Amino acid sequence: MRLAVIPARGGSKRIPRKNIRAFAGRPMIGYAIAAAREAAVFDRIVVSTDDAQIAAIAREQGAEVPFQRPPELSDDTAGTMPVIQHAIAALAAEGWQADAVCCIYPAVPLLQARALRDALALLDQGGCDYVFPVLEFPSAVQRALLRAPDGTTRAMYPEHADTRSQDLAPAYHDAGQFYWGRADAWRRGTSPHLGAKTLVLPHWAAVDIDTPDDWARAEALFAAAQSTQRPQDGR
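One gets the working numbering by counting positions in the sequence shown from 1 and adding 18 to each.
Structure (structure tokens):
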């Protein structure tokens, strides 16, 4: 059985009420729910929240909210792993067991259903406990600079200061959208970044939304995708 868990607590501080704030005319969390539904690979789509308003909106958008997240998993220090473990255990207590679990973050308006399906296909191939999407750094990380308060800079990797960018291996970072994992790996607390396979996304397909500037950039990318009629559901 395949489970999607969308963790959405109510106490976002940098962007208040981020998870349900309107984004292009829809509550933000609605995009994660819609992508999960459109992927058509989940037996259940569950939102884990401590917030009654988020729960109500999640249900309106087509997700289940079968339990309330406990306070100790709802503060600023709560990590993703214990939240997913709690969701798995809460459903198991009802007699429902998951084999594969996908944690989908709630602020992912650019998430495509196709990415969820493609990542699941990688997980099903075996050889890993998790699969998650990544983005290539736009510039060579080996040519990174460190900047002092007075504005002076120095090379972070001096050995590559004069290496041509095209001669350097590309580097990638977590896209921050979702983690597909085997239920046993989640239960054990194995980090998604250990022994995982990754799915490379195009740069327009993901943005991390933590600040108002990030929100504005996400809106611009979303509008651009809509104007070019790029499919948002991967079909």
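Ideal Cβ placement from N, Cα and C applies to all residues, glycine included.
Here the structure is a predicted model, which means the values were calculated and not measured.
Please determine, among the options, the residue with the shortest C-alpha to C-alpha distance to residue i.
i	options	result
F150	R62, I47 and A193	A193
A116	R44, I106 and R206	I106
L21	P45, S157 and A58	A58
M174	A158, A189, D94 and L164	L164
Y123	P230, A26 and V225	A26
Q305	A133, Y190, G144 and G169	The question about residue 305 has no answer here: the residues shown for the chain are numbered 19 through 253.
C2	F196, A162, I51 and A133	Not covered by the structure: residue 2. The range shown for the chain is 19 to 253.
T216	Y148, G29 and V83	Y148
Please classify residue i: does DSSP put it in a helix, a strand, or coil?
i	result
R132	helix
V101	helix
R253	Because R253 sits at a pLDDT of 37, beneath the cut-off of 50, its placement in the model cannot be relied upon, and the point is left open.
A74	helix
R55	helix
E112	coil
R35	coil
Quick one: what's residue i bridged to in DSSP?
i	result
C120	A22 and W198
Y148	G199 and A214
A40	P45
I63	A22
G90	Before going on, a small fix: residue 90 reads as Glu here, not Gly. E90 pairs with nothing; no bridge assigned.
E82	V64
Taking buried to mean at least 16 other C-beta atoms within 10 Å of its own C-beta, is residue i buried or exposed?
i	result
V218	exposed
L212	exposed
T67	buried
A110	exposed
Q103	buried
F155	exposed
K36	buried
R87	buried
P176	exposed
G199	buried
Practice prompt. For the stretch 151 to 226, list the beta strand (DSSP E) runs that are entirely contained and at least 3 residues long, ordered along the chain.
Written response: 163 to 165, 171 to 173, 190 to 192, 196 to 200 and 214 to 218
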